[in-house]
Amino acid sequence: MTDLVTQEQVTETPVSAPARTGSAWLKWFARRFGLAVLTLWLCSVLVFFATAALGDPVRAILGKDYASSPERAAALAAELHLDRPVVIRYLEWLGGLLTGNLGNSVANGLPVGELVGDRIVNSAVLVIVAAIVMIPVAFGIAMVSANNRGKRTDGVIQIVMITLAGLPEFVVGILLVALFSTTVLHVLPAVTIAGGGAPPWSAPGSMILPVLTLVIAVAPYVARIVRSSLLEVLDSDYVELARLKGVPERVVMRKHALLNAIVPGIQVIALQLAWLAGGIVIVEYLFSYPGIGASLVDSVRNSDFPMVQVLAMVIAAVYVAVNLVADVLSILFTPRARTAITS
Amino acid sequence: MSVTSVMTTTRRIGRQRRLATGLVITVVVALIAIIGPWLAPYGETEIVGKPFTMEGSWLGTDYLGQDVWSRVLAGGGSILVISVLATALGMVLGIVIGVVAAYSGGWLDEAIMRLNDVALAFPQILLALLVLTAVDQPAAWMIVLLVGFSHAPRVARVARGVALGIVSRDFVHSAEALGESRLRVIVAEVLPNMNAPLLAEAGLRLTYSIGMVAGIGFLGFAANPGAADWGQMINENRLALLVQPWGVLAPVIVIGIFTVGTNLMADGIAQLAGRGDR
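Same order as they appear, the protein sequences are chains G and H.
Those letters in the first sequence? Residues 1 to 343, per the working numbering, in order.
Those letters in the second sequence? Residues 1001 to 1278, per the working numbering, in order.
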């Protein structure tokens, strides 16, 4: 279950030849970076007002105790500075965010920074391992598919990919658990077991299913996009010319098609990486993986506002940063692709 | 639509195997969700035996001893209704945003799409969770709004892209030259020409809606605790996957079949609309 949004930034930004010269390049980057910062700031507004301004935080935190103990409600309201105007609270929160003072968790009083630090690392490892596995798999599938265009193999791959792309990640995850750990086979652990604060990768076996779930959720999209850009290149005139010159099909695929599929590949991989930052919410919860996703679900359940706000900002920041990097990489790769396509 | 064009449309749908398969699957699952409650052998909350055993009808019992099969039959309605409404809301909002942006152009377009990018920086499920933090017990309409709103920026991108290709065409200019109002130009000239790609987008959004609504239930934030609901059932019976897998697998499989159906349908429409060979 992922989202395929076509990346417009790249097509919008002028990538004419002068962009390669130093100052123009710097100008483009400054503008793009400024936009990223602006986006992130607007994100912080959205996060703060979606969590703090809607609803009644004190009531949500106390739940049933709200009516029975007004003094606790008053104490909590004072602790959250609810007596101050919401704009002032936002500015204080933003200031804290920028200076690294993230506040304390409402659920257990510990500093948020301490609680999320390890978990960010754990989630990053999960996402990166998933990406490392996913990229070659997706490109491989796309190449096999493009090589056999219109044949039975291609058809079967297409149907399998569409089917997998439709499945929500928790459906994939639960089916994998049933298949490999509880019901059919009993070969892999169903939950992440890493006792005593040890990182989850100290028990690599328990990372297999979460990684596999993420790969299955994302690979179909990447494979599809790469396949269609491969086909586009394979149909182009210069590939035809290479074939007429007698270049073997294998070399055509490797040297001409694959290189030109890199740019659309980068874009879609970036989108999917950014998507993974959200996809881990459900996958980590399902496998009790000690990352920010599982943490977010717990915090939402406990109405732990400081935690939710920080975690949401982390996820938004990952998205913005990944897109920024992808745009820069695309621009770096594009001139070659452009000359190749237009010649 | 004339009779012949209806016939050609039906023929085209028939030839489009993905669309036909997707449509059949979607309709069957939707029918189960709609008429299921009347087919259920036991009541939604009726205790039919000990928890997590194979008592009751063929799928055994759940965490309270309720009949899994009856709850599967009873638990689709809420997901179906919430998903369809959320999809409709997201489509309408997104199309309005996208078409207004494309048609007005200039700084307004730029501003709208930049704000849109901000909303895109959040994974959809995160937007929903953010608001649920402040809510003690979510109501069904809230989930419709949350899922619908989270679709809007994504639909807006597609709608803007499609509309951009139309607003510059001759018939729009001639309508403008005839002095038609802007609203009329949008409603009468631009929107009717956006049908096919938007229909495909709607199918895709329905797929995501089902996944999200069920996912919210799976995370334990369903609107109606205790009621039969496919997403919520997974959450309730999850810990007993080893003992009584059907309490979890039955709702998981139905949700999976449903989303595969809607996704195939969306894909088939996209192929018909000629959005490249996919």
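All C-beta atoms in this analysis are idealised placements derived from N, C-alpha and C, irrespective of residue type, glycine included.
The structure displayed is predicted, hence computed values, not measured ones.
Range of the contiguous alpha helix (DSSP H) that encloses residue i
i: residue 1069 of chain H; result: 1068-1074
i: residue 1186 of chain H; result: Premise fails: residue 1186 of chain H is in no alpha helix (DSSP H) and is neither H nor E.
i: residue 1135 of chain H; result: Element bounds for residue 1135 of chain H: n/a, residue is neither H nor E.
i: residue 199 of chain G; result: Here residue 199 of chain G belongs to no alpha helix (DSSP H), and DSSP marks it neither H nor E.
i: residue 220 of chain G; result: 208-234
i: residue 143 of chain G; result: 112-147
i: residue 1194 of chain H; result: Looking at the DSSP string, residue 1194 of chain H is not in any alpha helix (DSSP H), and its letter there is neither H nor E.
i: residue 99 of chain G; result: 86-99
i: residue 275 of chain G; result: 262-287
i: residue 1244 of chain H; result: Where residue 1244 of chain H is concerned, there is no enclosing alpha helix (DSSP H), given that its DSSP letter is neither H nor E.
i: residue 1119 of chain H; result: 1106-1120
i: residue 1030 of chain H; result: 1017-1039
i: residue 154 of chain G; result: 152-166
i: residue 1231 of chain H; result: 1230-1237
i: residue 257 of chain G; result: Premise fails: residue 257 of chain G is in no alpha helix (DSSP H) and is neither H nor E.
i: residue 296 of chain G; result: 292-301
i: residue 1221 of chain H; result: Neither: residue 1221 of chain H is in no alpha helix (DSSP H) and is coded neither H nor E.
i: residue 75 of chain G; result: 70-79
i: residue 243 of chain G; result: 237-244
i: residue 1175 of chain H; result: 1170-1177
Beta-carbon spacing of residue i, residue j below 8 Å
i: residue 1143 of chain H; j: residue 1210 of chain H; result: no
i: residue 307 of chain G; j: residue 223 of chain G; result: no
i: residue 1037 of chain H; j: residue 1085 of chain H; result: no
i: residue 1103 of chain H; j: residue 1155 of chain H; result: no
i: residue 1069 of chain H; j: residue 1078 of chain H; result: no
i: residue 1065 of chain H; j: residue 1230 of chain H; result: no
i: residue 272 of chain G; j: residue 218 of chain G; result: yes
i: residue 277 of chain G; j: residue 323 of chain G; result: no
i: residue 279 of chain G; j: residue 176 of chain G; result: no
i: residue 147 of chain G; j: residue 253 of chain G; result: yes
i: residue 1251 of chain H; j: residue 1233 of chain H; result: yes
i: residue 1152 of chain H; j: residue 1200 of chain H; result: no
i: residue 1172 of chain H; j: residue 1197 of chain H; result: no
Neighbour list for residue i in chain H, Cβ cutoff strictly below 7 Å
i: residue 236 of chain G; result: None at all; the shortest Cβ gap to chain H is about 15 Å.
i: residue 168 of chain G; result: 1211, 1214, 1215, 1255 and 1259
i: residue 320 of chain G; result: 1121
i: residue 46 of chain G; result: 1118
Under 8 Å from the C-beta of residue i: neighbouring residues of chain H
i: residue 29 of chain G; result: Those do not exist, as residue 29 of chain G stays about 18 Å from chain H at its closest Cβ, beyond 8 Å.
i: residue 261 of chain G; result: Near residue 261 of chain G there are no residues of chain H at all, since even the closest Cβ is about 15 Å away, more than 8 Å.
i: residue 287 of chain G; result: What residue 287 of chain G touches in chain H: nothing, since even the nearest Cβ is about 11 Å away.
i: residue 32 of chain G; result: Those within 8 Å of residue 32 of chain G in chain H number zero; the least Cβ separation is about 12 Å.
C-alpha distance - residue i paired with residue j, whole-angstrom precision
i: residue 1081 of chain H; j: residue 1217 of chain H; result: 14 Å
i: residue 85 of chain G; j: residue 229 of chain G; result: 52 Å
i: residue 1087 of chain H; j: residue 1124 of chain H; result: 13 Å
i: residue 51 of chain G; j: residue 1133 of chain H; result: 6 Å
i: residue 1278 of chain H; j: residue 1146 of chain H; result: Because the pLDDT at residue 1278 of chain H is just 34, under 50, the model does not fix this residue reliably, and the value given afterwards should be weighed accordingly. When rounded, the distance between both Cα atoms is 31 Å.
i: residue 181 of chain G; j: residue 1248 of chain H; result: 14 Å
i: residue 337 of chain G; j: residue 1021 of chain H; result: At residue 337 of chain G, the pLDDT of 38 sits below 50, so the modelled position is not reliable and the matter cannot be decided from this model.
i: residue 1138 of chain H; j: residue 72 of chain G; result: 24 Å
i: residue 101 of chain G; j: residue 119 of chain G; result: 18 Å
i: residue 44 of chain G; j: residue 115 of chain G; result: 20 Å
i: residue 15 of chain G; j: residue 328 of chain G; result: Residue placement at residue 15 of chain G cannot be trusted, given a pLDDT of 46 that sits under 50; the coordinates are not used to answer.
i: residue 1024 of chain H; j: residue 1017 of chain H; result: 11 Å
i: residue 1135 of chain H; j: residue 1175 of chain H; result: 48 Å
i: residue 1239 of chain H; j: residue 1224 of chain H; result: 20 Å
i: residue 1227 of chain H; j: residue 178 of chain G; result: 25 Å
i: residue 1261 of chain H; j: residue 330 of chain G; result: 35 Å
Within chain H, partners of residue i - CB distance below 9 Å
i: residue 296 of chain G; result: 1126 and 1129
i: residue 275 of chain G; result: 1123
i: residue 90 of chain G; result: The premise fails here: residue 90 of chain G is roughly 15 Å from chain H at the closest Cβ pair, so nothing lies under 9 Å.
Per-residue contacts from residue i into chain G (C-beta, under 9 Å)
i: residue 1225 of chain H; result: Near residue 1225 of chain H there are no residues of chain G at all, since even the closest Cβ is about 13 Å away, more than 9 Å.
Exposure label - residue i; buried when at least 16 CB within 10 Å
i: residue 264 of chain G; result: buried
i: residue 83 of chain G; result: exposed
i: residue 275 of chain G; result: buried
i: residue 1195 of chain H; result: exposed
i: residue 305 of chain G; result: buried
i: residue 256 of chain G; result: buried
i: residue 81 of chain G; result: exposed
i: residue 108 of chain G; result: exposed
i: residue 210 of chain G; result: buried
i: residue 1098 of chain H; result: buried
i: residue 290 of chain G; result: buried
Cross-chain neighbours of residue i in chain G, by beta carbon under 8 Å
i: residue 1234 of chain H; result: 170 and 174
i: residue 1248 of chain H; result: 174 and 178
i: residue 1068 of chain H; result: Per Cβ cutoff of 8 Å: no residues; residue 1068 of chain H is ~15 Å from chain G at best.
Closer than 7 Å at the beta carbon, the chain G residues around residue i
i: residue 1263 of chain H; result: 162, 165 and 166
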